[in-house]
Structure formats: structure tokens, C-alpha cells
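Read the structure below first, then the notes.
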Amino acid sequence: MSSSTTNTTTIGTIGAPSRRNTELAMLVFAVLIPVFAYINVGLAKDHTVPAGVLGYGLGLGLLAGVTHLVVRKWAPYADPLMLPIATLLNGLGLIFIWRLDQEPTLGKAMAPNQLMWSTLGVALFLGILIFLKDHRVLQRYTYISMVVALVLLIAPMFFPGVNGAKIWITIPGLGSLQPGEFAKIIIAIFFAGYLMVKRDALALASRRFMGLYLPRGRDLGPILVIWALSLMILVFETDLGTSLLFFGLFVVMLYVATERTSWIVFGLLLSAGGAVAVATFESHVQERVHNWLNPLATLNGGVTETAQAMYAFGSGGILGSGLGQGYSRLILGIAPKSDYILATVGEEIGLAGLMAVLLLYGLLIERGIRTALAARDPFGKLLAVGLSGAFALQVFVVAGGVTGLIPLTGMTMPFLAQGGSSVIANWALVAILLRISDTARRPAPAPAPSTDAEMTQVVRP
Amino acid sequence: MNKPLRRVAIFCGLLVLALLVRINWVQFVQADELKNDPNNRRVAIERYGTPRGDIIVDGKPVTGSTVTGSGDFKYKRTYTNGKMWAPVTGYASQAFDANQLEKLNDSILTGTDDKLFFSRTVDMLTGGKQEGGNVVTTLSTKAQKAAFEGLGDKKGAVAAINPETGAILALASAPSYDPSTFAGMSDKDSKAYNALLKQNNPDDPTLNRALRQTYPPGSTFKVVTASAALENGLYTDIDAKTRSPLPWTLPDTAGQPLNNEGDLPCENASLREALRVSCNSVFGKISADLGNKTMKAEAEKFGFNNAKVDTPVRASESVYPEDNRPQNAMAGIGQASNRATPLQMAMVTAAIANGGKLMQPYMVDKLVAPNLNVVQQHTPKEMSKPLSPENAQKIQDMMETVVEKGTGTTAQIDGVKVGGKTGTAQHGANNKDNPYAWFISYAKTGKGTPVAVAVVIEGSDTLRGDIAGGKLSAPIAKSVMEAVLSDKK
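Chains as they are written, first to last, in numbering that gives the first Met the number 0: chain A, 0 to 460; chain X, 0 to 488.
Set out below in C-alpha cells:
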């Protein structure tokens with residue numbers, strides 16, 4: 000394994016360009032595109048350029064500018080794509096939320112709050128880049144992370160559920176928090192630290208049976224614990240998405256750490272078993288599955304939210320109705336601005352725009368895994384793949400749910416959807432990935448000149 | 000660790016790819032289906048977002064649009080003389096979707112049809128509002144008015160066709176309804192709509208009886224049976240005696256006779272005479288002699304057993320049944336399981352009047368774009384040839400005798416050759432319900448045969464003896480024919 004970390008690093012370590020100017024150029028686009036989108040919505044809705052466009056443009060530009068300068072100073076070798084993509088997605092999300100705020104039937108305006116949360120998220124991003132000099136510091140907190148993650152995951156059980164899913168912690172007077180979003184990062188830190196220590200035991204102490212490496216019984220312990228925890232989340236918090244996310248994250252990281260395909264097989268068997276078991280007695284899950292199989296079925300003569308989302312996508316077609324010109328207000332139900340925001344994206348900027356947005360997510364994910372490949376230390380590798388994997392699973396679970404590819408689960412589209420916890424947590428996630436990639440791409444100190452290298456000694460036998 | 004990392008990278012790529020494939024499926028492959036799903040409110044929002052195009056009769060619109068000023072829908076449909084035109088236009092309601100021409104031509108009327116691509120593109124470039132195109136029908140205001148007023152408060156239907164082209168001239172159904180009353184989406188509209196539904200109104204006013212209701216055609220079907228006899232060479236001379244005993248008993252029964260209406264001179268009567276007085280025994284025997292297969296084949300040439308008679312509003316399927324011998328004999332005089340729509344009987348009459356050629360019936364002449372460019376024009380099409388011209392001429396002769404000195408004298412028009420046939424169809428168990436009064440006819444001038452018409456009246460509380468087609472239905476047919484003839488002058 001040590002050979003793989005040193006020799007197969009595909010990014011040249013000497014003299015790698017910092018790519019900060021590339022990032023700056025991309026950031027200009029990432030700011031301009033949402034600004035034009037903003038103007039577009041205003042023109043379509045009221046035939047005037049919206050009054051807030053200057054403030055919004057300057058604000059977004061300022062945030063992007065400050066983040067860029069901080070990255071330039073504190074993480075000069077970080078990946079140049081992640082920051083612009085996150086900025087663009089966050090900016091577009093704000094526009095779509097503002098656009099939905101224009102529909103009086105959809106309740107009170109959410110965009111100002113979202114802007115505030117985004118600013119907080121960026122502040123956290125900056126804080127992490129400035130104060131977390133080296134991601135390996137996180138390794139020290141492996142077991143503390145575990146405790147914190149467990150607390151965050153279990154806490155919502157004791158708070159009232161919202162729309163059938165208990166994923167919130169409500170603090171009276173302060174608002175509510177979706178701890179799952181933060182737990183995602185913290186549990187990735189725990190897994191990375193834990194697996195780095197245990198990987199050899201998990202990988203080597205196993206028996207071969209029918210082509211698979213069967214782990215020892217006591218090594219199966221942790222995976223069973225995580226599996227049980229995921230099931231508990233599913234049963235007690237009726238939250239399909241979070242449960243899927245954590246179990247999937249664990250299996251992916253376990254596989255990367257041990258290089259054993261058998262873990263994938265175990266993971267799939269356990270999640271399939273768990274899903275079937277829960278689906279047989281949990282009516283909430285059954286309902287989701289029913290909606291997924293019959294997206295257009297009416298409920299008591301009314302059109303369901305699932306159907307409304309499908310109609311929104313279908314009506315958008317290839318090019319979309321144009322920003323501000325769709326009818327996503329028809330998705331009246333619980334979450335047109337959060338879970339279902341993709342439906343508005345699909346309707347108003349069409350298949351073309353939605354594909355672009357999904358590709359942005361894809362790009363961000365792959366850059367994250369690229370960072371994992373480039374990282375030189377196993378903890379960094381595991382953490383980077385964990386964070387990217389969690390992000391990928393979340394995007395898949397949400398987008399797949401809204402478009403009807405898989406049953407719907409209550410999660411939010413990172414950066415795009417309305418929700419404070421989500422946007423703050425995801426900025427933190429990107430910050431950690433940038434920190435790892437900065438460490439990975441930073442030129443290594445020049446190797447001490449070796450005497451062997453200076454002259455070739457010819458040895459004759 | 001890098002090998003599994005690369006695999007994870009591929010796996011994440013596949014996740015995104017799966018999403019991309021899925022949205023392509025939803026937004027490209029399924030897009031049209033989802034976009035036009037009746038439950039998709041955007042359909043209605045678009046339908047009523049701009050003034051809807053009009054349905055035009057004789058150069059004048061019978062529909063309109065008015066601004067509602069509230070809610071999702073900006074415009075509401077209005078109808079001029081809605082009750083009279085409802086069987087043609089159908090309705091377009093914000094709350095209750097649309098039907099008939101309003102539904103079938105929705106994309107033209109709304110302006111979203113691909114055929115309007117050019118004018119839509121111009122609209123888009125010039126910033127003009129999307130406009131709907133118009134549907135120009137073949138109907139005649141005068142004929143429709145004559146039919147509608149003729150039916151009055153009786154239950155029944157009228158269908159009139161131009162035999163030479165198949166163009167539908169009148170399509171009336173009574174009782175009717177005014178589609179304006181539920182064009183909106185208020186509580187008042189719902190109330191009006193619900194009151195019209197069959198479960199709340201036994202008269203079923205929204206039923207388009209001319210196209211969508213089948214009746215036993217009764218004696219009017221005898222012209223089809225006569226055509227079958229001539230076409231299959233059972234008889235060739237309409238004035239020669241037929242082999243028709245009286246009383247004639249139904250085949251395969253224990254001597255059950257097929258009775259005539261009263262004491263008619265039907266024994267060995269010639270075809271002309273048999274049609275003039277409407278002999279059941281003669282035509283029942285013809286049907287029995289020809290057999291079920293032959294009768295069915297001839298009826299099918301006239302348009303029976305065709306589930307796809309699209310005008311473009313689809314007419315219900317008229318049925319000549321596959322049946323045993325006694326039932327087939329009964330079907331030959333338009334009873335038993337024989338069923339026909341008024342449009343079907345108008346088609347039969349039109350085929351005979353048009354020298355044996357049945358033209359495809361149609362009521363949309365052309366679709367025009369908002370800029371009045373014609374985007375689609377109907378060209379008359381031949382549907383089938385149930386009769387040779389000579390045999391058609393013979394049937395015409397016989398039908399003209401019926402009007403001249405038979406059961407259909409009430410349809411005579413001065414200076415015009417009219418051919419017709421009455422019918423009184425029994426129905427209900429043991430014929431205890433009031434019968435249906437039929438009349439089919441055509442009018443011939445020196446310049447051609449401009450009209451064939453079929454009228455049916457559901458015998459409400461009229462006396463039985465009084466109900467014969469000649470008394471109730473023939474006068475309506477006559478006024479429709481006169482209306483068409485006056486149009487032609």
C-alpha cells in the first residue's frame with residue numbers, strides 16, 4: 000500500500016502550477032451566470048430589471064472575491080474547480096429560491112434567509128481554510144467524531160417530526176437544524192480515522208470462501224453496528240435518505256480502505272435485506288414506494304406532488320419554459336423550494352439546463368475523488384473519498400427521488416436547495432476537500448541530492 | 000488504495016449518468032405525454048392563457064373568448080347559440096376539460112400545434128402573443144337551424160350530409176345543452192355541469208345523439224336490404240314480382256310469422272311496392288335468402304361494424320350483427336340486434352343518392368392559422384362502393400316512389416325530386432317502450448344531389464299509431480333539405 004501512495008500519484012508534485020488564476024476566471028463566470036439569471040427572472044415576471052440585482056451581484060462577487068483571496072493565501076495549491084462550482088450552484092440556488100418567492104401561493108420569502116445562511120456557510124469555509132492548516136489534525140478527533148456523529152444522528156428522534164420524517168432538531172426561538180447534514184462530514188472523519196487504523200485487520204484477516212474474502216466475525220462487528228444504526232434511523236426517524244447515505248458511505252470507505260470487494264457484496268446484501276424488512280412494516284416507506292411506482296396516480300381525486308413534479312419536468316421539455324415562466328407553483332406541497340427545487344430547474348431551464356446542473360455536481364464529485372487519488376496520506380485519501388462519496392450519494396438520492404428514478408427521500412440538493420444546515424455543511428465539506436487537495440498538490444520539498452543520482456556507477460560483474 | 004478509488008470514481012460517474020439518462024427519459028421521451036396529461040394543469044392554463052381560436056360555420060364564428068379577470072385562467076370560452084351547436088363544437092371548460100372539436104383541435108385552437116410552427120416562430124421573434132388558429136367546419140347554419148328547431152323539445156337527432164363530398168351539413172341532437180354555462184371554473188359552473196350529467200338528468204343532454212347514440216334503424220334499413228338483394232343478384236327488376244309468400248314465417252322457428260304493420264299488399268310484391276308500403280315479410284325473406292354473411296358484408300360496405308368513423312369526432316360503431324337465421328331475418332328489417340347511429344343512416348342515404356359511392360363523412364373543412372393561412376385542408380375521400388351506379392339508380396327510383404305515393408309523402412318538396420324511407424323501430428322488452436321514428440331522405444335537383452338526411456325521434460309520450468316516421472320525422476327532414484337547397488340557390 001505504501002507503494003500505491005507514493006508512486007501512482009498522477010499529479011506531478013514538482014512545479015505544479017497553482018491554478019489560482021484559472022479559478023479566478025471561472026469564479027467570474029460563476030458570479031455572472033446567476034446575476035444574468037436574476038435579471039432574466041425579473042424581466043420575465045415584471046418586465047423590469049429587479050431592484051436587488053446590483054446588491055446581489057456585488058454581494059455574490061464580494062463573497063467570491065474574498066473566498067478566492069483566502070484560498071490564494073491559505074490554500075494556494077487547492078483544486079481550482081471546486082470553489083467556482085460551489086459558488087455557481089449556490090448562486091443559482093439563490094436565484095431559484097428568489098424566483099419561487101415571487102409566487103404568492105408558496106408562502107413567505109426564503110431567499111433573504113438563504114442568503115444569510117450562504118454567507119455563514121462561506122464564513123465557515125473561510126474559517127476552515129484559515130485555521131485548519133493540515134487535514135491530518137482531524138485524525139486526532141476520530142473517536143470524539145464518532146460520539147458527536149452518533150449524538151447528531153440520534154438527537155432528531157427526540158424532536159417532533161416534520162412531514163413524516165424526523166430529521167430536525169428544533170430549538171424554540173432559534174429555529175431548526177438538520178443535524179444529518181453535519182453528521183455526514185463528522186462521520187466521514189470518524190470512518191477515515193477508524194479505517195486507517197483497522198484496515199489491515201479488516202483486509203488481511205479473512206478466509207477465502209467461494210471467491211470472496213470472508214471477514215472474521217469480530218471484524219464484522221463495526222459494519223453490523225453501522226447497519227443497525229442506519230436501520231434505526233430509518234425506523235425511528237423514518238428517514239430513508241439519511242439511512243441510505245450513512246450506510247452507503249460506510250461501505251464505500253470500507254471498500255477503499257480494505258480493497259476487498261467482499262465488503263461491497265456484504266453491504267449490498269445488508270442494505271437490501273434491511274430495506275425489504277423495513278418496507279414490509281413501515282407504512283411511510285411503503286407509501287413512498289407506491290408513489291414511486293405510480294407517479295401519476297391521483298390521490299382522492301387530487302394530483303399528487305410526485306405527479307406535479309413529473310408534469311413540471313415533462314412540461315419543461317428540452318429547452319425549458321424560461322426562467323420565471325414556468326408553473327412550478329403548482330407543486331404546492333411541502334417543499335417546492337427545497338426537496339423539489341430540481342423540478343423548477345427542470346421546468347424553467349429544461350433538459351439542457353438540468354443536465355448542465357447535474358454535470359456540475361458530477362464534476363464536483365469527480366474533483367473530490369481526484370483529490371483522494373492525489374492525496375499522499377491514507378487518512379486524507381479516505382476522508383476525501385468519504386466526503387465526495389457522501390456528496391455523490393446525496394445528489395443521487397435527492398435527484399433520483401425527485402425525477403422518479405428511485406423512491407423519494409427527504410433530503411436536500413446540496414447548495415441548490417433552500418435550507419440553512421445544508422448550505423453551511425456543504426461549504427464546510429468543500430473547504431475540507433480544498434484543504435486536502437492543497438496538501439496533495441503542494442510541491443514537495445526538494446529532495447536532498449543523493450549521491451547515487453549524481454554519477455552512474457558502472458559495476459561490472 | 001488507488002484501485003478502489005478509481006472504481007469509486009467510476010461508480011459515482013455511473014450514478015450521475017443514471018440521473019442524466021433518467022432526466023432524458025422524463026424530459027425528452029416522456030415529455031409530450033407528461034406535458035399533455037389532462038391532470039397537468041398547465042394544459043388548461045395554456046388553453047385559456049390566450050384567446051382561443053374559433054370554430055367557424057358559414058364564415059362566422061360560433062365560439063368566442065372572454066376575459067375572466069381572476070385565477071389561473073385569463074380567458075373563458077363563450078358560445079353563440081350554444082345549444083344548437085353543442086353537438087358540433089363540444090365544450091371547452093376550464094374545470095371540465097374539453098370534448099369533440101374543441102378537444103380534437105385543441106392544439107390548433109390554443110396555437111401550440113406543430114402545424115402553426117411558422118406563425119409561432121414569427122410571434123416569438125416579433126414578441127407577439129401566441130394566437131390560436133381557427134377550425135372551419137362544413138356545416139350549414141340554415142340546415143342546422145332547421146334541424147335544431149325541428150327537433151324542438153322532442154328527443155332525437157338529425158344528421159345531414161352532402162352525398163357528393165361527405166361534408167356534414169347538420170348535426171343536431173336534442174335535448175341539448177349550452178356549453179357556455181360551465182365554461183368557467185366557478186361553483187356556478189360546477190353546478191351547471193353536474194346538473195347535465197346523466198345520473199342527475201335522465202334525458203342525458205350532453206349525449207351527442209347524432210354521432211354517439213345507436214338506435215335500431217327499423218324500416219329505414221330496408222334500403223340496405225334492397226341494395227343487398229340487387230347487388231347479389233337475388234332480384235334484378237324492381238318492378239317484377241318477388242317470391243314472397245304471405246304470411247311468411249321466420250326460418251328455424253315453430254311457424255312464427257313475420258308480421259306486417261297492418262293488412263298490406265305484400266304477397267309477392269315487387270321491390271318498389273314492398274318498399275313503398277314497407278313490407279316486413281318481403282325484406283325479412285330477402286335477408287333470410289341472402290344469409291347473414293352476405294347481409295353483413297353489404298351493411299359493412301355502407302359503414303356498419305366500423306369502429307373508426309371519424310368525422311373527426313368519432314361516431315359510435317353501428318352494428319349489423321352476426322346472428323342466427325331468424326335473428327338475421329329480423330336484422331334485415333332493422334330490428335333484432337341491428338343498431339345504427341343517425342350519422343350511419345345518413346351515410347346509407349348519401350351512398351344511394353351519390354350513385355352508389357359512399358364518401359367519408361367529415362365536418363372540418365380546413366384548419367387556418369391566425370394569419371389565415373390554411374394549414375390543413377380536407378379533400379373528399381371515397382370510403383367504399385356499396386352499390387353499382389345502376390343499382391343505386393334503382394334504389395333511388397324506389398325511394399322516390401315512397402315519397403311520391405308511399406309512407407313518406409310528408410317530405411315532398413315542390414319542384415325537387417325527393418327520395419326517402421320511413422322507419423318505426425320497436426324497442427324494449429316485448430316492444431313495450433315507445434318506438435323510434437326514423438326518416439331518411441335525399442333531395443335531387445338538376446345540378447346534383449346536395450343533401451342526404453337522417454332523422455330519428457325517440458318516441459316520448461306520443462301515441463303509438465301516431466309515431467310513424469312519416470308523421471314525426473319526415474317534416475324535419477324536409478325542412479333541413481329545404482334549408483340546404485335554399486343555401487345552394
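Positions of the beta carbon are idealized from the N, C-alpha and C atoms, including for glycine.
Any C-beta of chain X sitting closer than 8 Å to the C-beta of residue i?
| i | result |
| --- | --- |
| A:Ala274 | no |
| A:Ile317 | yes |
| A:Ala371 | yes |
| A:Glu347 | no |
| A:Ser314 | yes |
| A:Glu180 | no |
| A:Pro377 | yes |
| A:Phe481 | Any answer about residue 481 of chain A is impossible in this case: the structure gives chain A only from 0 up to 460. |
| A:Tyr326 | yes |
Return the CA-CA distance between residue i and residue j, expressed in angstroms with no decimal places.
| i | j | result |
| --- | --- | --- |
| A:Gly272 | A:Thr279 | 11 Å |
| X:Thr120 | A:Arg366 | 42 Å |
| A:Phe181 | A:Asn299 | 38 Å |
| X:Thr423 | X:Thr408 | 16 Å |
| X:Trp437 | X:Ile475 | 11 Å |
| A:Phe124 | A:Val422 | 11 Å |
| X:Gln26 | X:Gly48 | 23 Å |
| A:Leu253 | X:Phe95 | 57 Å |
| A:Gly403 | A:Ile84 | 25 Å |
| X:Asp31 | X:Arg46 | 16 Å |
| A:Phe157 | X:Met0 | 40 Å |
| X:Thr109 | X:Asn133 | 9 Å |
| A:Thr8 | A:Leu357 | Confidence in A:Thr8 is poor, its pLDDT being 49 and thus under 50, which makes the residue's placement too unreliable to answer from. |
| A:Ser261 | A:Lys72 | 44 Å |
| X:Asn98 | X:Val87 | 10 Å |
| A:Ala391 | A:Trp291 | 21 Å |
So with Cβ pairs under 8 Å, would you call residue i a contact of chain A?
| i | result |
| --- | --- |
| X:Ala8 | yes |
| X:Lys187 | no |
| X:Cys11 | yes |
| X:Asp465 | Note on X:Asp465: pLDDT 47, under 50, position unreliable in the model; no value is reported. |
| X:Leu342 | no |
| X:Gln29 | yes |
| X:Asp36 | yes |
With a CB to CB cut of under 7 Å and the five nearest residues on each side skipped, what residues in its chain are close to residue i?
| i | result |
| --- | --- |
| X:Val66 | Lys73, Tyr74 |
| X:Asp288 | Leu233 |
| X:His377 | Tyr361, Val363, Asp364, Lys365 |
Please name the residue, chosen from the options, that lies closest to residue i on a Cα-to-Cα basis.
| i | options | result |
| --- | --- | --- |
| X:Ala451 | X:Ala239, X:Glu481, X:Leu371 | X:Glu481 |
| A:Ile186 | A:Pro413, A:Gly418, A:Leu386 | A:Leu386 |
| A:Met412 | A:Asp437, A:Ser175, A:Leu353, A:Arg434 | A:Leu353 |
| A:Glu461 | A:Pro33, A:His46, A:Thr66 | Any property of residue 461 of chain A remains undetermined from this structure, which presents chain A solely from 0 to 460. |
| X:Leu229 | X:Thr406, X:Glu389, X:Gly290 | X:Glu389 |
| A:Gly301 | X:Asn323, X:Arg40, X:Gly414 | X:Arg40 |
| X:Pro178 | X:Glu163, X:Trp84, X:Lys470, X:Ser106 | X:Trp84 |
| X:Gly490 | X:Leu124, X:Thr136, X:Gly70 | For residue 490 of chain X there is no data in the structure shown, the boundaries of chain X being 0 and 488. |
| A:Pro178 | A:Ile435, A:Leu432, A:Asn425, A:Val429 | A:Asn425 |
| X:Ala273 | X:Tyr176, X:Val308, X:Ile394, X:Leu196 | X:Ile394 |
Can you tell me whether residue i sits near the ligand GDP, meaning its C-beta is under 7 Å from at least one heavy atom of the ligand?
| i | result |
| --- | --- |
| A:Val401 | The model on display carries no ligand, and the ligand GDP is accordingly not part of it. |
Is residue j closer than 8 Å to residue i when the C-beta atoms are compared?
| i | j | result |
| --- | --- | --- |
| A:Ile96 | A:Met81 | no |
| A:Ala374 | A:Leu248 | no |
| X:Leu257 | X:Leu249 | yes |
| X:Ile22 | A:Leu350 | yes |
| X:Gly516 | X:Ser440 | Nothing in the structure corresponds to residue 516 of chain X, since chain X is present only between 0 and 488. |
| X:Gly333 | X:Gly217 | yes |
| X:Ser243 | X:Cys265 | yes |
| A:Lys380 | A:Leu105 | no |
| X:Ala142 | X:Ala159 | yes |
| X:Gly131 | X:Gly52 | yes |
Kindly list the residues whose CB is nearer than 8 Å to the CB of residue i, restricted to its own chain and excluding five residues on each side of it in sequence; keep chain order.
| i | result |
| --- | --- |
| X:Gln375 | Lys114, Lys365, Leu366 |
| A:Glu346 | Ala311, Phe312, Ser314, Gly315, Gly319, Ser320, Gly325, Tyr326, Ser327 |
Consider the Cβ of residue i: report whether some Cβ of chain C lies at a distance smaller than 8 Å.
| i | result |
| --- | --- |
| X:Ile22 | Within the model displayed, chain C is absent; protein chains A and X are what it includes. |
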